[in-house]
Structures are given as structure tokens and as C-alpha cells.
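Counting from 1, one number per residue, gives the positions in the sequence shown under the UniProt record's numbering.
Note that beta-carbon positions come from the ideal geometry of N, C-alpha and C, so glycine has one too.
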Amino acid sequence: MAKTLYIPDEEEYTTAHTPLLRSFPRDPEDALEEPTPRTQRSTYHVLGLVLTIVFAADLAGSISKAPLIRVYESIICNSYYKTADPGLIKNGQVEEWYCKVAPVQEELALLRGWHDFFDYLPGLFLAIPFGMLADKFGRKWLSVLNVTSMWARAIWIYVVCAFPHVLPLRLIWLQGALGVFGGGSLVASALLFVITTDVTPKPQRTNVFLYAHAALCATEFFGPPIGSILMDHSPWIPLALSIALLTINIPLSLALPETLPKPPRSPKHPSIVLTPSKPPFLPPSPLQTLKSHLSPLAFLLRDPRILFLLTTSIAYIVAQASNSLTMQYTSRRYAWTLSHTAYLTSIRAILMLTTLLLILPLASTHLLRLPSFPPLRKDLLLLRLSFSAVAAGLLLEGLAPGIPLFVFGCAIATMGMGATALIRSVLASWVRPAEVGRLFAVMSLVWTAAMLVASPGVAMLFAEGLKRGGVWMGLPFLGAGVLFVVASGAMWGVGLGGEGAGAGDEEEEEEEEERSWGDEGGGHEGLGEKENYLRPPPPPPTSSALGVKVEGGGGDGVKQLGVGRHVPAPLMLDGSREVRAMRRPSYLEMETPLYSPGLRIMETRGGL
Numbered sequence: 001m002a003k004t005l006y007i008p009d010e011e012e013y014t015t016a017h018t019p020l021l022r023s024f025p026r027d028p029e030d031a032l033e034e035p036t037p038r039t040q041r042s043t044y045h046v047l048g049l050v051l052t053i054v055f056a057a058d059l060a061g062s063i064s065k066a067p068l069i070r071v072y073e074s075i076i077c078n079s080y081y082k083t084a085d086p087g088l089i090k091n092g093q094v095e096e097w098y099c100k101v102a103p104v105q106e107e108l109a110l111l112r113g114w115h116d117f118f119d120y121l122p123g124l125f126l127a128i129p130f131g132m133l134a135d136k137f138g139r140k141w142l143s144v145l146n147v148t149s150m151w152a153r154a155i156w157i158y159v160v161c162a163f164p165h166v167l168p169l170r171l172i173w174l175q176g177a178l179g180v181f182g183g184g185s186l187v188a189s190a191l192l193f194v195i196t197t198d199v200t201p202k203p204q205r206t207n208v209f210l211y212a213h214a215a216l217c218a219t220e221f222f223g224p225p226i227g228s229i230l231m232d233h234s235p236w237i238p239l240a241l242s243i244a245l246l247t248i249n250i251p252l253s254l255a256l257p258e259t260l261p262k263p264p265r266s267p268k269h270p271s272i273v274l275t276p277s278k279p280p281f282l283p284p285s286p287l288q289t290l291k292s293h294l295s296p297l298a299f300l301l302r303d304p305r306i307l308f309l310l311t312t313s314i315a316y317i318v319a320q321a322s323n324s325l326t327m328q329y330t331s332r333r334y335a336w337t338l339s340h341t342a343y344l345t346s347i348r349a350i351l352m353l354t355t356l357l358l359i360l361p362l363a364s365t366h367l368l369r370l371p372s373f374p375p376l377r378k379d380l381l382l383l384r385l386s387f388s389a390v391a392a393g394l395l396l397e398g399l400a401p402g403i404p405l406f407v408f409g410c411a412i413a414t415m416g417m418g419a420t421a422l423i424r425s426v427l428a429s430w431v432r433p434a435e436v437g438r439l440f441a442v443m444s445l446v447w448t449a450a451m452l453v454a455s456p457g458v459a460m461l462f463a464e465g466l467k468r469g470g471v472w473m474g475l476p477f478l479g480a481g482v483l484f485v486v487a488s489g490a491m492w493g494v495g496l497g498g499e500g501a502g503a504g505d506e507e508e509e510e511e512e513e514e515r516s517w518g519d520e521g522g523g524h525e526g527l528g529e530k531e532n533y534l535r536p537p538p539p540p541p542t543s544s545a546l547g548v549k550v551e552g553g554g555g556d557g558v559k560q561l562g563v564g565r566h567v568p569a570p571l572m573l574d575g576s577r578e579v580r581a582m583r584r585p586s587y588l589e590m591e592t593p594l595y596s597p598g599l600r601i602m603e604t605r606g607g608l
């Protein structure tokens, strides 16, 4: 039967004879009670839902991409020719060919560039908070909020475009304000990848990420032709279809189970639960406040490779921003209609699918057969090759005088664009499982900040190229290519070998922790001999300590446990029993026997 001893708070001392410790009945199991775990869903079920949500959301975007650009272009074109040449406006519209003039295309590029800026802006401020919320409270409801926010933002854009005579077209930039409720586009990606990480074993994680990326590429293959065919009748038909797909995602997100890993359950065997009395309140200093806010990000400094890879991955965001101009660029430079340029996206998607489903898996399998290429080193080699391929491809795209060479450059660059999945896998292997949510949140934050600069930046480069004409129109691709040359050189020049200091080194960390706990030169007086010891790290300075005298079970002795602002936890007794310490007051709970039938609690002493 458990005996519970109450540690009174300071204000409860009324006389000099008031006992320091007194009995107070309470069921000790209450302190160890945990909520019943939710029913676990199968890995395939969760991955199926995630991939379906990713597929539907990206299919909606790929179907609406060319029609939406055409709607933007038409509105800008009508506004331009109202003053430049009203005679070209027939039935309220201007022929698409006349809309390829530089003033219209410059405004279109800037409209889309700043649209992306405001689209990603919420993620800059919300990526870290959403990541911390996902690690603390779970992933599901944040995903539901994000999916619903995505639907609302699309609705707002279409409403503005439907009433161009009433609402200025630049009001589409306000859709970013609706992203506050869900965290923005990159937070959506991070949340879904965190869920995938939760349910996927580490050896299969890279392949699952590649399959998720392949699902995105599949939408780029099917979506643009569907949008092109439908926009020949009306651009509003594919836009309505994209809204329907985003609507379907809301109930799908509600069907997602919670995948946040459960904390380890308290042991069923008896234990000592030690909680100190309430310490006097001391207001934190500004330095302590700053440290408390930054402490969740301390893992970024543990391994310099994390910051290095996060920094070099920014090049992929610049390439993504440049690729978003592909349809507008080819339409202007090579005199293609927007409906025809959409097929270039499908060609790129085929090449990407080939890379993700054939080239990278085969290369991965072959390298893993070699003893000198463990999983992490294999991923790093593929990353370096991918950086080099993207650098060469982007330079070819920017310099291509015609469509054939441009498509060839796209093929080379696309072979390296699957590296974003490799980046996620490598970074996840360098941190502990409990830090994955924060890692992907930081990744979203870095990529969001990069996109905030890259989107309007490449739009301005394209506008400048339109003014200069000729090969200068490829300035966005040339700029991204030069950046990739620098990033590729850094990837090849800096050593990133080894299995990391994160989740992959758990056994080594556990051994080191055991050595530090069992160090004969540290700790406090043991309970018994040899392995029967209770050695916590030295506690912070306190006004006094709580003593627990025990006898039997291999030796007698008095164990001093610090009482104060913090008490080390967990404290291991013979590797099979724990002393857990919590930061709030108010009970010291003890049960017998502890780790052998002969060990008994004899007395307690101490106080504040």
C-alpha cells in the first residue's frame, strides 16, 4: 500500500510545532494516469489519405494554372487597350495575340510575383509557431485549418477575377491574409510531411517522400492538359473544377487520424514520484526570457550540417520561382498560346516522374548494395548530383534560342528537381524524432523567406528582360542557374559524411548517457554496492534537500534528493525503477518494495 507524504507550502507554516511532513491520503496512481491512447490507424491508410490530399490540392493548382494566367492577362490587356487602342476590344475581350506586348506582360509578371509574395508571407511568421503547436498538440486539426484556408484563398481570387469592373485585380494579393488561419502553403507541405514521417519507418522514409513528390508530378502531367482542353471553351470551367477538388480535401483532412507520437507511459511497477514545494516566484531576466523562446530551436546549432543544407536548399526555391514563369516566358518569347504552353508542364512532369520512380530508386538501390554507401551517404551523393543537373539545365533554359533546346534544358534540370525529397529525408535523419515537427517548420520558414524574395525578384528580372529583349528575356533562368552553380560547388566542396548526431545515433547517445549516470566519480552516495546506485546529475543550488533513508535490498544508506526550483528526472534505481520529478508542488509519493522485497522506506527528513 502506498504511503503519501505531503510537503506543505511555505504559507502553511502556522506555528513552530507544525510538522514539516504529514500524511495525506491520495491514490498514487492518479499521478501516473495517462489518457487512453487513440486507436492506431495503419500506415498505409494514413499515407493513402496524405497522398490523396496532396494529389487533389496540386491537381487543383495545375488545372487552374494556365486558365488563371489567361484570366489575369485578359483583365490587364483590356485595361491597357482601353487607352492604348480601344478598337482592338471586341465583345469586351482582346485577342490573346495582342496581349503579348511588353507593358501587359510586365504587369502580369509583377502581379504574379507579388501574389506569390503575399501568398507565402503568413508562413514567415507562422511556420515556427505552427511547428511547435504540431509537436505539442498534434497534427490533425492544424492540417484541417490549413486545407480550409487554402479553399478560402482560392475562392477570394476567383471572386476578384469575376468582377474586374468593380474590384481592382491587385486585390488578389489580399488572399494572403486568409493564410493566417492555416499558416500558408509551405506550412501545409510541412504538416503533411510531418504526418508522413510519424507513420513511416526510417528505412522507408526516403522512398515515401519520393512517392509523395511523384504524386505531385503526376498532377503536373494530368492537370495542364485538362485545363488546356477546358479553357478552349471557357477558362472558368477549369477554375470551377479546381474549387471542387479543394472542397473535397476538407472532409479528407477530417478523416486523418492524429499521428503525434505518444509520450512513454509511466511504469506499472511502484515508483517514487517526487515533486518539490512551490518555489518563491522570481521574475525571469530578459536574457532568460530570450533563451526560453530560442530553446526550441537549439537543435539547429547541434549539427552545423543542418544549417548548411537549409541554406543551400534555398537555391531550389529560386528555381521554383523561375519555373513558375515558364508558361508566360515561352508564350512571350516563342509566340505560343497559353493553352499550348501548358503542355510543356506535362512534359516536365513526365520527366520528373521518370526521375522519381525510375532513375532515383534504381540509383538508390544500386548504391545501397555497395558497402561504402550507407543510406545517408547515398542520399548525399544523389543530392550533389541533383544540384549539378539543375545548374546545367537552368543555364540551358535561359540561353535556348528555340523550343527544342529549351525542352532539353528542362529535361536536364528536372532530373535534379526531385532532390527536395532527399533534402527532407537527410535533414530528418540528423535530428531526433521529437524535433522533426520543428525541423520541418524551420524548413518551411526558410523556404518561405526565400520565396518572399525570389517571387518578386524573378518577376523583376523578367520585366527587365522584356525591356531589353532577345536572350535577356531568359534572365530569370540565368540568374537561378548561376545561384545553383554556387550551391553545387558548395555541396561538392564541403564534407557532409557520417551518419549524423540525430536519430541515427540514438544507441550511441544512450550509451553515453548510461556512462554519465554510472560514472563512479560523480553523483551522490549510492544505495548499496556495484550496480545498485541512484546517481542523478548534481541538482541546482537549493535551500535544503529531502532525505530518504532506506535499508535492505543490497545495502543501507540515505539518499539526498535536491528540492528546489528544478529536480533532475528521471532518476534510475538499478535500471528498473524511476524517480520522476515534476516542476510543480506538492506531493512525495512512495511505495514499497522499490526494487527488491527487502528494501523499505524507513523515514524522510528535510524541508525548504
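> Curious, which full-length beta strand (DSSP E) runs of at least 3 residues does the region 434–462 contain?
Replying inline: none
>> Here's the rule I'm using: 16 or more other beta-carbon atoms within 10 Å means buried, otherwise exposed. How should residue 235 be labelled?
In response: On the sequence shown, residue 235 is found 235 positions in, with the first residue counted as 1. Buried, by the Cβ-count rule.
> In terms of DSSP beta bridges, what is residue 90 paired with?
Replying inline: Numbered from its first residue, the sequence shown carries residue 90 at position 90. Residue 90 pairs with 93.
> Between residue 194 and residue 47, which are expected to be in contact by the criterion C-beta below 8 Å, what is the C-beta distance as a whole number of angstroms?
Replying inline: Counted from its first residue, the sequence shown places residue 194 at position 194. Counted from its first residue, the sequence shown places residue 47 at position 47. Wrong, their Cβ atoms sit about 13 Å apart, outside the cutoff.
>> Tell me which residues share the same chain as residue 164 and place their Cβ nearer than 7 Å to its Cβ, disregarding the 5 neighbours each side in the sequence.
In response: For the purposes of this step, residue 164 is taken as residue 164 along the sequence shown, with counting starting at 1. Once the five neighbours on either side are set aside, the close Cβ partners of residue 164 are 75.
>> Counting beta carbon pairs with one atom in the region 224–234 and one in the region 335–350, are three or more of them shorter than 8 Å?
In response: yes
> Residues in its own chain within less than 6 Å of residue 423 by CB, not counting five upstream and five downstream?
Replying inline: Sequence index remark: in the sequence shown, residue 423 carries index 423 (1-based). Cβ neighbours of residue 423 beyond the five flanking positions: 313.
> How would you label residue 323, buried or exposed, when you count the other beta carbons within 10 angstroms and need 16 or more for buried?
Replying inline: Residue numbering aside, residue 323 sits at position 323 when the sequence shown is read from its first letter. Classification for residue 323: buried.
> Would you call residue 329 buried or exposed, if buried means 16 or more other Cβ atoms sit within 10 Å of its Cβ?
Replying inline: If you number the sequence shown from 1, residue 329 lands on position 329. Per the 10 Å Cβ criterion, buried.
>> Quick check on residue 262: buried or exposed, where buried means 16 or more other Cβ atoms within 10 Å of its Cβ?
In response: The residue you call residue 262 lines up with position 262 of the sequence shown. Its Cβ having fewer than 16 others within 10 Å, residue 262 is exposed.
> Should the region 138–147 be regarded as contacting the region 101–118, the criterion being three or more beta carbon pairs within less than 8 Å?
Replying inline: no
>> How far does the alpha helix (DSSP H) with residue 317 in it extend, from its first residue to its last?
In response: Reading the sequence shown from its first residue, position 317 is the one you call residue 317. Segment 314–323, the alpha helix (DSSP H) holding residue 317.
> Taking DSSP as the reference, what is the three-state secondary structure of residue 220?
Replying inline: Stepping through the sequence shown from its first residue, residue 220 is reached at position 220. Three-state DSSP puts residue 220 in a helix.
> Roughly how many angstroms separate the alpha carbons of residue 62 and residue 447, rounded to a whole number?
Replying inline: Residue numbering aside, residue 62 sits at position 62 when the sequence shown is read from its first letter. Residue numbering aside, residue 447 sits at position 447 when the sequence shown is read from its first letter. Approximately 21 Å between the Cα atoms of the pair.
> Is residue 343 helix, strand or coil by DSSP?
Replying inline: Start at 1 with the first residue of the sequence shown, and residue 343 comes out as number 343. DSSP places residue 343 in helix when its eight states are reduced to three.
> Is it buried or exposed for residue 390, if we count other Cβ within 10 angstroms and need 16 for buried?
Replying inline: Sequence index remark: in the sequence shown, residue 390 carries index 390 (1-based). That one is buried.
>> Between which two residues does the alpha helix (DSSP H) holding residue 491 run?
In response: Along the sequence shown, read from residue 1 onward, the residue named residue 491 stands at position 491. Segment 475–493, the alpha helix (DSSP H) holding residue 491.
> Looking at the structure shown, is residue 179 part of a helix, part of a strand, or coil, going by DSSP?
Replying inline: In the sequence shown, residue 179 corresponds to position 179, counting from 1. Helix at residue 179.
>> Quick check on the burial criterion: 16 or more other C-beta atoms within 10 angstroms. Buried or exposed for residue 468?
In response: Mapped onto the sequence shown, residue 468 falls at position 468. By the 10 Å Cβ count, residue 468 comes out exposed.
> If you draw a straight line from the C-alpha of residue 162 to the C-alpha of residue 72, how long is it?
Replying inline: Position 162 of the sequence shown, counted from the first residue, corresponds to residue 162. Position 72 of the sequence shown, counted from the first residue, corresponds to residue 72. The alpha-carbon atoms of residue 162 and residue 72 are separated by roughly 11 Å.
> Mind checking residue 455: buried by the 16 CB within 10 Å criterion, or exposed?
Replying inline: If you number the sequence shown from 1, residue 455 lands on position 455. Residue 455 comes out buried.
>> For the pair the region 430–438 and the region 377–389, tell me if three or more CB-CB distances fall below 8 Å.
In response: no
> From residue 486 to residue 392, what distance separates their C-alpha atoms?
Replying inline: As a working mapping, residue 486 is identified with position 486 in the sequence shown. As a working mapping, residue 392 is identified with position 392 in the sequence shown. If you take the alpha carbons of residue 486 and residue 392, they lie about 12 Å apart.
> Which residue from 471, 364, 402, 176 puts its Cα closest to that of residue 206?
Replying inline: Position 206 of the sequence shown, counted from the first residue, corresponds to residue 206. Answer by Cα proximity: 364.
> Three-state secondary structure (DSSP) at residue 167?
Replying inline: Walking along the sequence shown from the start, residue 167 turns up at place 167. Coil.
>> Taking 7 Å as the threshold (C-beta atoms), are residue 55 and residue 219 in contact?
In response: Position 219 of the sequence shown, counted from the first residue, corresponds to residue 219. Position 55 of the sequence shown, counted from the first residue, corresponds to residue 55. In this structure, residue 55 lies closer than 7 Å to residue 219 by Cβ.
> Which same chain residues, not among the five before or five after residue 102, have their C-beta less than 8 Å away from its C-beta?
Replying inline: Start at 1 with the first residue of the sequence shown, and residue 102 comes out as number 102. Here the set comprises 466, 467.
> By how many angstroms is the C-alpha of residue 45 removed from the C-alpha of residue 428?
Replying inline: As a first step, residue 428 must be located in the sequence shown, where it is residue number 428. As a first step, residue 45 must be located in the sequence shown, where it is residue number 45. One C-alpha to the other measures close to 22 Å.
> Shortest alpha-carbon distance to residue 169 belongs to which of 68, 59, 305?
Replying inline: Counting from one through the sequence shown, the residue named residue 169 turns up at place 169. With distances taken between Cα atoms, residue 169 lies closest to 68.
> Taking buried to mean at least 16 other C-beta atoms within 10 Å of its own C-beta, is residue 441 buried or exposed?
Replying inline: The count along the sequence shown starts at 1 and reaches residue 441 at position 441. Looking at its Cβ environment, which holds 16 or more other Cβ atoms inside 10 Å, residue 441 is buried.
>> To the nearest angstrom, how far is the alpha carbon of residue 156 from that of residue 150?
In response: Working through the sequence shown from its first residue, we reach residue 156 at position 156. Working through the sequence shown from its first residue, we reach residue 150 at position 150. C-alpha separation (whole angstroms): 10 Å.
> What number of angstroms, rounded off, separates the C-alpha of residue 166 from the C-alpha of residue 491?
Replying inline: In the sequence shown, residue 166 corresponds to position 166, counting from 1. In the sequence shown, residue 491 corresponds to position 491, counting from 1. Rounded to whole angstroms, residue 166 to residue 491 spans 51 Å at the Cα level.
> CA-CA distance, residue 431 and residue 196?
Replying inline: Residue 431 sits at position 431 when you count from the first residue of the sequence shown. Residue 196 sits at position 196 when you count from the first residue of the sequence shown. Distance between the alpha carbons of residue 431 and residue 196: 16 Å.
> Which term fits residue 112, buried or exposed, when burial requires 16 or more other beta carbons within 10 angstroms of its beta carbon?
Replying inline: For the purposes of this step, residue 112 is taken as residue 112 along the sequence shown, with counting starting at 1. That one is buried.
>> With H, G and I counted as helix, E and B as strand and the rest as coil, what does DSSP make of residue 262?
In response: Reading the sequence shown from its first residue, position 262 is the one you call residue 262. Three-state DSSP puts residue 262 in coil, outside helix and strand.
>> Please report the straight-line C-alpha distance between residue 352 and residue 403, rounded to a whole angstrom.
In response: Counted from its first residue, the sequence shown places residue 352 at position 352. Counted from its first residue, the sequence shown places residue 403 at position 403. Going by the C-alpha atoms only, they are around 19 Å apart.
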